[in-house]
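Under the numbering used here, the sequence shown has 200 at position 216, and the numbering climbs by one with no breaks.
Even for Gly, the Cβ is constructed at its ideal location relative to N, Cα and C.
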Amino acid sequence: MRNSLVARSIASATVAISILGTCTVATADDIESRLQRAADEAIQPIMKTYKVPGTAVAVTVQGRRYVFNYGVASVESGKKVDDATLFEIGSISKTFTATLASYAHETGALSFSDSPGKYVPDLVGSTFDKVSLLHLATYTAGGLPLQFPNDVTQKNVIAYYRDWHPDHSPGTHRRYSNPSIGLFGYAAAASMGVSFDDVMQGTLFPMLGLSNTYIHVPKKRTSDYAYGYSKTGKPIHASPGAMDSEAYGVKTSASDLIRFVEANMNGQGLDAPLQRAITATHTGYYRVAGMTQGLGWEMYDYPVKLDMLLAGNSPEISNKSNAVEALDPPAEPRKNVWINKTGSTAGFGAYAAFVPERQIGVVILANRNYPIPDRLRAAYRIVTALDGGLGD
């Protein structure tokens, strides 16, 4: 099923990694072989069980990047997944939104303590006067829902916000929400005097060195844009919706997304304010069920057991309102954590995770929305192929 395997060297030919708790110097060929076997064993059963047409897996190990491609980007055309294939990454897009807002904060365009009405004047005098941008970023505004009601569009979305009333006081409960992070990103772009789509496509992606990442896939790249597949097997792409760009709008390749993961572990060479902004997204603000909420990213103490990851990414956490422990002061970014984010659209399923202390990261992109627990197990299996000290 695997149709290509690419290893790109951006470091030396040998890498020191922790295997079964010991420090071992492994050659690039050793790592490639171990990863290939782990990826095959983790991904191929999932593709068979859930009838996933195509998958791309990217792994970074202390500066070396590996990409594994499986299956097809389009069942109808038979086009195979390759390094140029673009996938919808769903809510992993929120980590890009958070990075943009953090960059606006670092450059003085906004403060996280500001209310959104400072940048979206139509919200002045609404419930959002008592809500900060940080509340929006961490889903603690007071109960904004997971999705917008069906009748809300980009044209009437501000009216929806004006009429919204909270279920809880800001900062007391977390309810994972596209409307919450959507308004956060919208306000961040407004603070910079540009539209969200323009600043992402024209500024942030180029600053990150991402040439294969888009909000709107250009016509010249449509042949590389994989089709997602619905539960009934229908080929689909994400439909436009209110705050879609901010919440779930990014399309990218596995190789570009793993580059973004690397920037999150080591931003050397990036613009200094952008480096600081990326690091700041790993600040912990609230804790619930063993998970610490950062900006876009979600974090767990490392080493971490698989059961903890499954609990933190469960429907109990993602679909319901949960009381939170506010971290005061916020937890400074640190390296001994497992940082992750899931993402889904109707036809795609994605997962990204990394451990800064180990300089190990993994990205799994697929053109079918299969269960999140299987994504976590696959990523965990791939990472543990390199690092036996995760505590499973």
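Practice task
From the DSSP output, in three-state form, read off residue 284 for me.
Solution key: The sequence position of residue 284 within the sequence shown is 300, counting from 1. Here residue 284 sits in strand by DSSP.
Handout entry: Residues that DSSP places opposite residue 350 in a beta bridge
Key = Here residue 350 corresponds to residue number 366 of the sequence shown, with the count starting at 1. Beta-bridge pairing links residue 350 to 39 and 333.
Problem - Through-space distance from residue 81 to residue 172, alpha-carbon basis - result: The count along the sequence shown starts at 1 and reaches residue 172 at position 188. The count along the sequence shown starts at 1 and reaches residue 81 at position 97. One C-alpha to the other measures close to 9 Å.
Exercise for the section: Would you identify the three-state DSSP class for residue 325, choosing helix, strand or coil? Expected result: Counted from its first residue, the sequence shown places residue 325 at position 341. Looking at residue 325 - three-state DSSP - the assignment turns out to be strand.
Exercise for the section: Return the first residue and the last residue of the beta strand (DSSP E) that residue 310 is part of. Expected result: Along the sequence shown, one-based indexing puts residue 310 at 326. In the DSSP assignment, residue 310 falls within the beta strand (DSSP E) that extends over 309 to 315.
Handout entry: residue 103, DSSP secondary structure in three states
Key = Stepping through the sequence shown from its first residue, residue 103 is reached at position 119. Here residue 103 sits in coil by DSSP.
Practice task
Compute the distance between the beta-carbons of residue 327 and residue 232, then report whether it is under 8 Å.
Solution key: Counted from its first residue, the sequence shown places residue 327 at position 343. Counted from its first residue, the sequence shown places residue 232 at position 248. For residue 327 and residue 232, yes; Cβs fall inside 8 Å.
Handout entry: Contact set for residue 364: own chain, Cβ-Cβ below 6 Å, skip 5 residues either direction
Key = As a first step, residue 364 must be located in the sequence shown, where it is residue number 380. Here the set comprises 290.
Handout entry: Nearest candidate by alpha-carbon position, reference residue 247, set 13, 79 and 73
Key = On the sequence shown, position 263 is the one that residue 247 refers to. Closest in alpha carbon position to residue 247, among 13, 79 and 73, is 79.
Handout entry: C-alpha gap between residue 252 and residue 319, whole angstroms
Key = Within the sequence shown, numbered from 1, the residue matching residue 252 stands at position 268. Within the sequence shown, numbered from 1, the residue matching residue 319 stands at position 335. Looking at the two C-alpha atoms, the distance is approximately 15 Å.
Problem - beta strand (DSSP E) runs wholly inside the segment 160 to 235, at least 3 long, in chain order - result: Within the segment 160 to 235, complete beta strand (DSSP E) segments of at least 3 residues are not found at all.
Practice task
Within its chain, find whatever has a CB closer than 6 Å to the CB of residue 235; leave out the 5 residues flanking it on each side and keep chain order.
Solution key: Stepping through the sequence shown from its first residue, residue 235 is reached at position 251. Excluding positions up to five away in sequence, the list reads 70, 72, 198 and 201.
Practice task
Measure the C-alpha to C-alpha separation of residue 164 and residue 125 and round it to an integer number of angstroms.
Solution key: In the sequence shown, residue 164 corresponds to position 180, counting from 1. In the sequence shown, residue 125 corresponds to position 141, counting from 1. Looking at the backbone, the Cα of residue 164 and that of residue 125 are separated by about 7 Å.
Practice task
Can you grab the Cα-Cα spacing for the pair residue 145 / residue 108, in whole Å?
Solution key: Position 161 of the sequence shown, counted from the start, is the residue given in the question as residue 145. Position 124 of the sequence shown, counted from the start, is the residue given in the question as residue 108. Rounded to the nearest angstrom, the gap between the Cα atoms of residue 145 and residue 108 is 11 Å.
Problem - Residue of 84, 149, 309 and 337 minimising C-alpha distance to residue 111 - result: Here residue 111 corresponds to residue number 127 of the sequence shown, with the count starting at 1. Ranking 84, 149, 309 and 337 by Cα distance to residue 111 puts 149 first.
Practice task
Check the Cβ-Cβ distances between residue 170 and every residue of chain C, and say whether any is below 8 Å.
Solution key: No chain C appears in the structure shown, which is made up of a single protein chain.
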